[in-house]
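Peer 1: In full-length UniProt numbering, the protein residues as written are 1 to 97.
Questions regarding the structure given below will be posed in turn.
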(Lines of atoms letter the chains of each structure in order from A and count residues from 1; the text may use other names and numbers.)
(Lines give C-alpha, C1' and ligand atoms only; values in the text may rest on other atoms or scores of the structure.)
Protein backbone atom coordinates (compact mmCIF):
# COMPACT_ATOMS: atom_id res chain seq x y z
CA UNK A 1 0.00 0.00 0.00
CA UNK A 2 1.32 3.43 -0.92
CA UNK A 3 2.07 5.85 1.89
CA UNK A 4 0.42 9.23 2.22
CA UNK A 5 2.18 12.53 2.79
CA UNK A 6 1.29 15.98 3.99
CA UNK A 7 3.43 18.69 2.42
CA UNK A 8 3.11 22.25 3.70
CA UNK A 9 4.94 25.38 2.63
CA UNK A 10 4.43 28.65 4.47
CA UNK A 11 5.25 31.59 2.14
CA UNK A 12 5.06 34.06 5.04
CA UNK A 13 4.58 33.85 8.78
CA UNK A 14 3.06 37.07 10.09
CA UNK A 15 2.12 35.89 13.60
CA UNK A 16 4.61 33.35 15.02
CA UNK A 17 2.77 33.18 18.37
CA UNK A 18 -0.40 31.92 16.68
CA UNK A 19 1.69 29.37 14.79
CA UNK A 20 2.96 28.11 18.16
CA UNK A 21 -0.64 27.67 19.31
CA UNK A 22 -1.37 25.69 16.14
CA UNK A 23 1.74 23.52 16.64
CA UNK A 24 0.72 22.63 20.21
CA UNK A 25 -2.58 21.25 18.89
CA UNK A 26 -1.45 19.91 15.52
CA UNK A 27 1.49 17.83 16.74
CA UNK A 28 -0.54 15.58 19.06
CA UNK A 29 -3.38 15.35 16.49
CA UNK A 30 -0.99 14.23 13.76
CA UNK A 31 0.78 11.70 16.00
CA UNK A 32 -2.56 10.30 17.24
CA UNK A 33 -3.56 9.76 13.59
CA UNK A 34 -0.34 7.86 12.88
CA UNK A 35 1.63 10.68 11.26
CA UNK A 36 5.41 10.88 11.46
CA UNK A 37 7.20 14.19 11.10
CA UNK A 38 9.94 13.85 8.48
CA UNK A 39 11.03 17.46 8.07
CA UNK A 40 10.28 20.86 9.61
CA UNK A 41 12.24 24.10 9.57
CA UNK A 42 15.35 22.47 8.16
CA UNK A 43 17.59 23.90 5.51
CA UNK A 44 15.90 24.72 2.21
CA UNK A 45 17.31 25.44 -1.22
CA UNK A 46 14.51 27.09 -3.17
CA UNK A 47 14.14 27.03 -6.94
CA UNK A 48 11.51 28.44 -9.27
CA UNK A 49 8.89 29.91 -6.89
CA UNK A 50 11.71 30.70 -4.45
CA UNK A 51 9.85 29.99 -1.21
CA UNK A 52 12.38 29.37 1.56
CA UNK A 53 10.12 29.83 4.56
CA UNK A 54 8.91 26.99 6.75
CA UNK A 55 8.49 23.62 4.98
CA UNK A 56 6.86 20.63 6.72
CA UNK A 57 6.69 17.02 5.51
CA UNK A 58 4.67 14.37 7.36
CA UNK A 59 4.34 10.67 6.44
CA UNK A 60 1.37 8.36 7.04
CA UNK A 61 1.07 4.63 6.39
CA UNK A 62 -1.50 5.27 3.64
CA UNK A 63 -3.06 8.06 1.59
CA UNK A 64 -6.42 7.32 3.23
CA UNK A 65 -4.88 7.69 6.69
CA UNK A 66 -3.40 11.05 5.67
CA UNK A 67 -6.79 12.31 4.46
CA UNK A 68 -8.54 11.02 7.59
CA UNK A 69 -5.96 12.75 9.81
CA UNK A 70 -6.65 16.09 8.11
CA UNK A 71 -10.40 15.61 8.50
CA UNK A 72 -10.14 14.53 12.17
CA UNK A 73 -11.78 16.60 14.87
CA UNK A 74 -8.44 17.07 16.65
CA UNK A 75 -6.70 18.45 13.56
CA UNK A 76 -9.64 20.69 12.68
CA UNK A 77 -9.27 22.26 16.15
CA UNK A 78 -5.61 22.91 15.36
CA UNK A 79 -6.55 24.60 12.07
CA UNK A 80 -8.92 26.89 13.96
CA UNK A 81 -5.88 28.17 15.91
CA UNK A 82 -4.28 29.57 12.75
CA UNK A 83 -4.79 33.34 12.44
CA UNK A 84 -7.07 34.86 9.82
CA UNK A 85 -5.29 35.41 6.55
CA UNK A 86 -2.60 32.87 7.40
CA UNK A 87 -0.94 31.74 4.20
CA UNK A 88 0.27 28.23 3.47
CA UNK A 89 0.32 25.85 0.55
CA UNK A 90 -0.87 22.46 1.82
CA UNK A 91 -1.08 19.18 -0.09
CA UNK A 92 -1.96 15.59 0.70
CA UNK A 93 -0.25 13.31 -1.79
CA UNK A 94 -0.01 9.59 -2.37
CA UNK A 95 3.44 8.01 -2.39
CA UNK A 96 4.66 5.45 -4.89
CA UNK A 97 4.34 1.79 -3.98
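Positions of the beta carbon are idealized from the N, C-alpha and C atoms, including for glycine.
These numbers come from a predicted model, not from an experiment.
Measure the C-alpha to C-alpha separation of residue 79 and residue 26 and round it to an integer number of angstroms.
Peer 2: As the crow flies, the alpha-carbon of residue 79 is around 8 Å from that of residue 26.
Peer 1: So who's on the other strand from residue 40, going by DSSP bridges?
Peer 2: Looking at the DSSP output, residue 40 shares a beta bridge with 56.
Peer 1: Taking all protein chains shown into account, do 16 or more other C-beta atoms lie within 10 angstroms of the C-beta of residue 56, making it buried, or fewer, making it exposed?
Peer 2: buried
Peer 1: List in chain order: all unbroken beta strand (DSSP E) runs of 3+ residues lying wholly within the region 5-51.
Peer 2: 36-40
Peer 1: Return the chain-ordered list of same chain residues with a C-beta closer than 6 Å to the C-beta of residue 64, the five sequence neighbours on each side being excluded.
Peer 2: none
Peer 1: Give a yes or no on contact between the region 88-95 and the region 20-37, applying the rule of three or more CB pairs nearer than 8 Å.
Peer 2: no
Peer 1: Counting only the same chain and skipping the five closest in sequence on each side, list residues whose C-beta sits under 7 Å from that of residue 44.
Peer 2: 52, 55
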